[in-house]
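Beneath this line is the structure, given in structure tokens, with notes to follow.
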Amino acid sequence: MEFETQCLHSGYTPKNGEPRVQPIVQSTTFTYDSAEDIGDLFDLKKAGFFYSRLANPTTSVVEEKLTALEGGVGALCTSSGQAAAFYALLNVLESGDHFISSSSIYGGTYNLFAHTLKKMGIDVTFVDPSLPLEELTRAIQPNTKAVFGETIANPALRVLDIEKFAQLAQAAQAPLIIDNTFATPYFCRPFEFGANIVVHSTTKYLDGHAVALGGVIIDGGNFNWHNGKFPQFTQPDETYHGLVYTETFGSAAYIVKARVQLMRDLGATPAPQNSFLLNLGLETLALRMQAHYRNALTVAEFLEAHPCVNAVNYPALKSSPDYALKQKYVPNGLCGVVSFEIKGGKEAAAKWLNALKLVSREVHVADIRTCALHPASSTHRQLSAEELEAIDISAGLIRISCGIEHINDILADLQQAFDSL
Ligand SMILES: Cc1ncc(COP(=O)(O)O)c(C=O)c1O
1 MEFETQCLHS GYTPKNGEPR VQPIVQSTTF TYDSAEDIGD LFDLKKAGFF YSRLANPTTS
61 VVEEKLTALE GGVGALCTSS GQAAAFYALL NVLESGDHFI SSSSIYGGTY NLFAHTLKKM
121 GIDVTFVDPS LPLEELTRAI QPNTKAVFGE TIANPALRVL DIEKFAQLAQ AAQAPLIIDN
181 TFATPYFCRP FEFGANIVVH STTKYLDGHA VALGGVIIDG GNFNWHNGKF PQFTQPDETY
241 HGLVYTETFG SAAYIVKARV QLMRDLGATP APQNSFLLNL GLETLALRMQ AHYRNALTVA
301 EFLEAHPCVN AVNYPALKSS PDYALKQKYV PNGLCGVVSF EIKGGKEAAA KWLNALKLVS
361 REVHVADIRT CALHPASSTH RQLSAEELEA IDISAGLIRI SCGIEHINDI LADLQQAFDS
421 L
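Be aware that the sequence shown starts at 1, since it is given in the UniProt record's numbering, and climbs by one per residue.
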């Protein structure tokens, strides 16, 4: 099936007389005829639903669909994007291990890596993703067990050289984990460039309607766990009577272990209602991404030509330093998020934002409704001018997440806000 068709049909094929749409199975438990049936499920001898912390029919439909869209071998949905990144790493890393991450990543992920994982004894080295491979490989240590990056970084809007990071991961004999939230599988499928694991905050474009928090981990099934560095996949798991994941589940060892160990023990499970909403969002993903991209490119071009604007960040602009990377990894579009620096700094930015009428002021991106944010007076307001400069957030930087309204209405609102200055 083509991508658009998979968005509608993958994961659920109703039989004679069954509901056309996968229903919300709002049940924590599932009944069986015998104790042996349930015992086999607990021993992972049979597949089936028994408790919704581990698997639920509504969520399974979405997991199958996302597996198909990314081209992987299996998926695990989580209750948020943060939980997806956390589990994706914890599935390969233990106390005393190390991993390498691009420094150009979402702030929440940065905090998780730099502070929370550190407290658990897991060490990270942040690297500038634009460095040449020879310099990046200097970050590899004997205990390096993962490499992480974002296809399109939030909020920097830098495009990752995924193949270079895949080479870095190969040199470390470690899996490459890519956060593909901003690109979505409609525009980029990281497994095709050598990634091994993909994660998403489904809260963003995959849901698209700003109604359900969620995350997902998708396994590419393309990493060799038998390289001596990952005994947790190749040695017996005592909590399942000595089961060996690579022997029993083959190329899906990673994603099965994430579910039956991490979801079992940590429990960041999505509610079936949220999986239903995510599935609804996914059905129109292709249409929405085309519209987000069309509007964002027009907005970026409008801003680039505007006398009140100093600079625009949008890698689909030919003037962008990342244009060549965008053409390679995201050739048919880009996300709806554009950032720009307004002339007049913090004061002008706040005034412009307050003057918006259609576009809402929000700490969110990827909604079908256009929204905007001034980081220096909101998410980053505790930082000094020097600190903001150090993380490439100028006092006048504004982030717009372009929705799918008619472009004339978006541009008219942006222009009337400029007129108010
Ligand atoms: C790229 C990226 N990854 C992960 C997250 C975290 O996802 P969530 O907010 O669903 O926990 C976000 C949230 O903004 C994000 O933008």
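Even glycine gets a Cβ: it sits at the ideal position worked out from N, Cα and C.
Under the three-state DSSP convention, the category residue i falls into
{"i": "H292", "result": "helix"}
{"i": "D265", "result": "helix"}
{"i": "S401", "result": "strand"}
{"i": "K346", "result": "helix"}
{"i": "A139", "result": "helix"}
{"i": "K351", "result": "helix"}
{"i": "G39", "result": "helix"}
{"i": "G215", "result": "strand"}
{"i": "L325", "result": "helix"}
{"i": "G108", "result": "helix"}
{"i": "R53", "result": "coil"}
{"i": "N279", "result": "helix"}
{"i": "N368", "result": "The residue you asked about is not Asn; residue 368 is Ile in the sequence shown. Of the three classes helix, strand and coil, the one that applies to I368 here is coil, per DSSP."}
{"i": "K164", "result": "helix"}
{"i": "F182", "result": "coil"}
{"i": "N310", "result": "strand"}
{"i": "residue 503", "result": "With the chain represented from 1 up to 421, any question about residue 503 goes unanswered, as that position is not in the structure."}
{"i": "H380", "result": "coil"}
{"i": "L243", "result": "strand"}
{"i": "K15", "result": "coil"}
{"i": "S60", "result": "helix"}
{"i": "D123", "result": "strand"}
Status (buried if at least 16 other CB within 10 Å, exposed otherwise) for residue i
{"i": "G17", "result": "exposed"}
{"i": "P26", "result": "According to the sequence displayed, residue 26 carries Gln and not Pro. Counting Cβ neighbours within 10 Å, Q26 comes out exposed, since fewer than 16 surround it."}
{"i": "A385", "result": "exposed"}
{"i": "E192", "result": "exposed"}
{"i": "E150", "result": "buried"}
{"i": "P175", "result": "buried"}
{"i": "Q82", "result": "buried"}
{"i": "S319", "result": "exposed"}
{"i": "R361", "result": "exposed"}
{"i": "A376", "result": "buried"}
{"i": "V20", "result": "The sequence shown places Arg at residue 20, not Val. R20 should be labelled exposed."}
{"i": "K229", "result": "buried"}
{"i": "A324", "result": "exposed"}
{"i": "Q415", "result": "exposed"}
{"i": "E389", "result": "exposed"}
{"i": "S34", "result": "exposed"}
{"i": "M289", "result": "buried"}
Pair within 8 angstroms by beta-carbon distance, residue i and residue j
{"i": "L90", "j": "L262", "result": "yes"}
{"i": "I100", "j": "L44", "result": "no"}
{"i": "V359", "j": "A296", "result": "no"}
{"i": "S79", "j": "R158", "result": "no"}
{"i": "K204", "j": "V365", "result": "yes"}
{"i": "S10", "j": "E64", "result": "yes"}
{"i": "A316", "j": "L356", "result": "no"}
{"i": "V199", "j": "A88", "result": "yes"}
{"i": "A172", "j": "V147", "result": "yes"}
{"i": "T202", "j": "V216", "result": "yes"}
{"i": "A349", "j": "I393", "result": "no"}
{"i": "V260", "j": "L54", "result": "yes"}
Alpha carbon of residue i to alpha carbon of residue j, nearest angstrom
{"i": "Y245", "j": "F233", "result": "5 angstroms"}
{"i": "G214", "j": "P270", "result": "7 angstroms"}
{"i": "A395", "j": "S95", "result": "39 angstroms"}
{"i": "G121", "j": "F113", "result": "11 angstroms"}
{"i": "Y254", "j": "Y186", "result": "24 angstroms"}
{"i": "Y51", "j": "S251", "result": "25 angstroms"}
{"i": "D413", "j": "V61", "result": "40 angstroms"}
{"i": "C188", "j": "I177", "result": "14 angstroms"}
{"i": "Q382", "j": "T13", "result": "51 angstroms"}
{"i": "D419", "j": "P307", "result": "11 angstroms"}
{"i": "L282", "j": "E341", "result": "33 angstroms"}
{"i": "T284", "j": "A291", "result": "11 angstroms"}
{"i": "L160", "j": "A153", "result": "8 angstroms"}
{"i": "R264", "j": "T239", "result": "11 angstroms"}
{"i": "N279", "j": "E134", "result": "42 angstroms"}
{"i": "I410", "j": "G108", "result": "29 angstroms"}
{"i": "N56", "j": "P272", "result": "7 angstroms"}
{"i": "Q170", "j": "L353", "result": "45 angstroms"}
{"i": "P236", "j": "T248", "result": "11 angstroms"}
{"i": "residue 454", "j": "Y106", "result": "Past the boundaries of the shown model lies residue 454; the chain is included only from 1 to 421, so the question cannot be answered."}
{"i": "A166", "j": "H406", "result": "39 angstroms"}
{"i": "A47", "j": "N408", "result": "52 angstroms"}
{"i": "Q22", "j": "K15", "result": "11 angstroms"}
{"i": "K343", "j": "E301", "result": "17 angstroms"}
Distance cut-off 7 angstroms: residue i Cβ against heavy atoms of ligand 3
{"i": "L93", "result": "Of the ligands one can find in the structure shown, namely ligand 1, none is ligand 3."}
**At least three beta-carbon pairs within less than 8 angstroms, the segment 73-82 to the segment 134-141** = Judged by Cβ distances under 8 angstroms, the segment 73-82 makes no contact with the segment 134-141, as fewer than three pairs qualify.
**Message:** Could you check whether the segment 395-404 touches the segment 322-342, counting it as contact only if at least three pairs of C-beta atoms, one from each stretch, sit closer than 8 angstroms?
**Reply:** Cβ pair count under 8 angstroms is three or more, so yes.
**Message:** Contact between the segment 316-331 and the segment 369-383 is defined here as three or more beta-carbon pairs at a separation below 8 angstroms; is this criterion met?
**Reply:** Result no; under three Cβ-Cβ pairs closer than 8 angstroms.
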